[in-house]
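Protein chains in written order, with full-length UniProt numbering: chain A, 1 to 245; chain B, 1 to 245. Heads up, the beta-carbon is just placed ideally off N, CA and C, and yes, glycines get one too. The structure presented is a predicted model; accordingly, all values stated were derived computationally and were not measured. Notes follow the structure.
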DNA sequence: CGACATTTTGAGTCAGCTCAATCAGTGTGG
DNA sequence: CCACACTGATTGAGCTGACTCAAAATGTCG
């Protein structure tokens, strides 16, 4: 409904590094946005597609994923409101992965020309979008380290730390508790684990008194302990200093 | 020595998607470049640093990596001549990982202002650099899928497929054989495996007649078999069509 | 109250790990 | 030319973290 509000989320994100001039912010807020509602578990864009628009997550939780030959899924990233997870489609012809919803979600579609016209007219806007994609790459690197070199409990803790930090940064958490609308299967697919193993290790983390996870809600009981287990250092998220918990 | 030749490699890469106008290409070829020679196994830039220049790999093999708490290393990407692996330092203040050489290497340093001045003056150059970082992100995603969801033999095969494809794209391989100046330890660190297991599975791949690996040289004996084992589909590299093997 | 998705638990298996040698290649100094 | 040192590759012997399969328990929601 309130398109400008959704674009505000985008602008806030783009201004993480430095504020934009009034005119450029206004131009962004005036981007054409076609809202569409999705169920949970639906694909927004599929591997192989060539799109002419990009999508702004407005409400809900969205993820990238790939399916390998034997049917296993790897979730590659999570996207919260304010993200444009397929901004890369501006410059790279073809989707090499899928983009889907994890919860019911509202997604706003913005034509490529509209964005391209802004990035070509205002280098600050181009740099802000570019920077966002660089931060995303930085998150990929951190996930790769986790999947490649950390134990299951450490990975789980790391996901919790990252998730609540990002939720806090966009005002959807107080830093202690937040919605966590992910099934254990989905978390496992993001961490490169099996669901069963994920469940067992999560129980240990719970029993160690680090977090409470109940009916789609995550509550941090021992932030320091969780960070230590996760080896979590939020630098890789490249947030504004004040956004850290 | 031949700075312009090194910059040619960069230009060729930037023109993967579409050729640049004469003037813009000339500007790129005139970028100031300070060459520096490194031994193998040296750090070029370290985690936490804030740099005022970015580095163009000119000769040799360079990698990104992180070290986790217990001392294990995860190699995050490999960079061949023509790459600017820390172009992100233009827009993201702080290095969140290390950049180091795997072989003796020549690296050219370019001041940030010089690059920024070009990207701000010519949107095509900005988009070409941006696109390169997007392709890199795409490679991260593919590696993440491998580490998270593929077996050790499949991951090893995938690395071979990717490496020779990239070497071929820059003219350092005929598509059948190329230098592979990586120790088994280093390959293991890139794939999230232990050195010992890597060695054993590599032997199986060799014995299956898929590749020959001897004294820093990789030779493909059965490209189709290797691709099948790896589930390798070069789309994620977003190369020019003609560059594919 | 069902019907369905999700979580939890147990049991057994296995891919990948660690530890510990050994072997091979390369370079160095005498 | 040989002894020695060093790095990297290879092999064997357990060990274990994570996996699969199967079933039961618990939520969730129309």
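Buried versus exposed call for residue i [16 or more other C-beta atoms within 10 Å across all chains shown]
| i | result |
| --- | --- |
| residue 5 of chain B | exposed |
| residue 24 of chain A | buried |
| residue 52 of chain B | exposed |
| residue 92 of chain A | buried |
| residue 244 of chain A | Confidence at residue 244 of chain A is low in this model, with a pLDDT of 45, below 50, so the placement of that residue should be treated as unreliable; the coordinate-derived value is given next. That one is exposed. |
| residue 10 of chain B | buried |
| residue 172 of chain B | exposed |
| residue 19 of chain A | exposed |
| residue 30 of chain B | exposed |
| residue 77 of chain A | buried |
| residue 204 of chain A | exposed |
| residue 74 of chain B | buried |
| residue 69 of chain B | exposed |
| residue 61 of chain A | buried |
| residue 236 of chain B | buried |
| residue 36 of chain B | exposed |
| residue 121 of chain A | exposed |
| residue 209 of chain A | exposed |
| residue 2 of chain A | exposed |
| residue 151 of chain A | exposed |
| residue 34 of chain A | exposed |
| residue 163 of chain B | buried |
Beta-carbon gap between residue i and residue j smaller than 7 Å
| i | j | result |
| --- | --- | --- |
| residue 147 of chain B | residue 148 of chain A | yes |
| residue 201 of chain A | residue 153 of chain A | yes |
| residue 180 of chain A | residue 218 of chain A | yes |
| residue 158 of chain A | residue 232 of chain A | yes |
| residue 261 of chain A | residue 168 of chain A | The question about residue 261 of chain A has no answer here: the residues shown for chain A are numbered 1 through 245. |
| residue 88 of chain B | residue 134 of chain A | yes |
| residue 99 of chain B | residue 44 of chain B | yes |
| residue 118 of chain A | residue 27 of chain A | yes |
| residue 115 of chain B | residue 83 of chain B | no |
| residue 126 of chain A | residue 126 of chain B | yes |
| residue 123 of chain B | residue 140 of chain A | no |
Listed by chain order, chain B residues near residue i by CB distance under 7 Å
| i | result |
| --- | --- |
| residue 147 of chain A | 144, 147, 148, 192 |
| residue 127 of chain A | 91 |
First through last residue of the beta strand (DSSP E) which encompasses residue i
| i | result |
| --- | --- |
| residue 164 of chain B | From DSSP, residue 164 of chain B is part of no beta strand (DSSP E) but of the alpha helix (DSSP H) over 152 to 169. |
| residue 232 of chain A | No beta strand (DSSP E) contains residue 232 of chain A, which DSSP labels as neither H nor E. |
| residue 100 of chain A | 98 to 101 |
| residue 15 of chain A | Residue 15 of chain A -> no beta strand (DSSP E), and no H or E assigned at all. |
| residue 208 of chain A | Here residue 208 of chain A belongs to no beta strand (DSSP E), and DSSP marks it neither H nor E. |
| residue 75 of chain B | 73 to 79 |
| residue 43 of chain A | 43 to 45 |
| residue 218 of chain A | 217 to 220 |
| residue 179 of chain B | 177 to 179 |
| residue 106 of chain B | 105 to 111 |
CB-CB length for residue i against residue j, believed under 8 Å
| i | j | result |
| --- | --- | --- |
| residue 221 of chain A | residue 128 of chain A | Going by Cβ atoms, the distance from residue 221 of chain A to residue 128 of chain A rounds to 36 Å, so no, they are not a contact pair. |
| residue 298 of chain A | residue 211 of chain A | Since the first and last residues shown for chain A are 1 and 245, residue 298 of chain A lies out of range. |
| residue 106 of chain B | residue 59 of chain B | 4 Å |
| residue 112 of chain B | residue 47 of chain B | Rounded, the Cβ-Cβ distance is 19 Å, inconsistent with contact. |
| residue 103 of chain A | residue 192 of chain A | That pair is no contact at about 22 Å. |
| residue 177 of chain A | residue 185 of chain A | With a Cβ gap of about 22 Å, residue 177 of chain A and residue 185 of chain A do not count as contacting. |
| residue 85 of chain A | residue 64 of chain A | 6 Å |
| residue 95 of chain A | residue 132 of chain A | With a Cβ gap of about 18 Å, residue 95 of chain A and residue 132 of chain A do not count as contacting. |
Within chain B, partners of residue i - CB distance below 8 Å
| i | result |
| --- | --- |
| residue 68 of chain A | 145, 149, 150, 231 |
| residue 72 of chain A | 149 |
Span of the alpha helix (DSSP H) around residue i
| i | result |
| --- | --- |
| residue 53 of chain A | First-last for residue 53 of chain A: 53 to 59, but that is the beta strand (DSSP E), not the alpha helix (DSSP H). |
| residue 138 of chain B | 123 to 149 |
| residue 237 of chain B | Premise fails: residue 237 of chain B is in no alpha helix (DSSP H) and is neither H nor E. |
| residue 37 of chain B | Element bounds for residue 37 of chain B: not the alpha helix (DSSP H) but the beta strand (DSSP E), 34 to 38. |
| residue 87 of chain B | First-last for residue 87 of chain B: undefined, no H or E at that position. |
| residue 25 of chain B | 22 to 29 |
| residue 94 of chain A | From DSSP, residue 94 of chain A is part of no alpha helix (DSSP H); its letter is neither H nor E. |
Within chain A, partners of residue i - CB distance below 8 Å
| i | result |
| --- | --- |
| residue 137 of chain B | 88, 133, 136, 137, 140 |
| residue 210 of chain B | Correct list: empty, because the minimum Cβ distance to chain A is about 17 Å. |
| residue 43 of chain B | In chain order: nothing, as chain A lies at least about 16 Å away. |
| residue 112 of chain B | In chain order: nothing, as chain A lies at least about 12 Å away. |
| residue 79 of chain B | Under the 8 Å cutoff, chain A gives no residues; its nearest Cβ is about 14 Å from residue 79 of chain B. |
Chain-ordered neighbours of residue i on chain A, where CB pairs are closer than 7 Å
| i | result |
| --- | --- |
| residue 94 of chain B | 235 |
| residue 120 of chain B | 123 |
| residue 76 of chain B | 141, 144 |
| residue 158 of chain B | The contacting residues do not exist; residue 158 of chain B stays about 11 Å from chain A at best. |
Chain A contact residues for residue i, given Cβ-Cβ distances below 9 Å
| i | result |
| --- | --- |
| residue 223 of chain B | The premise fails here: residue 223 of chain B is roughly 18 Å from chain A at the closest Cβ pair, so nothing lies under 9 Å. |
| residue 197 of chain B | Those within 9 Å of residue 197 of chain B in chain A number zero; the least Cβ separation is about 13 Å. |
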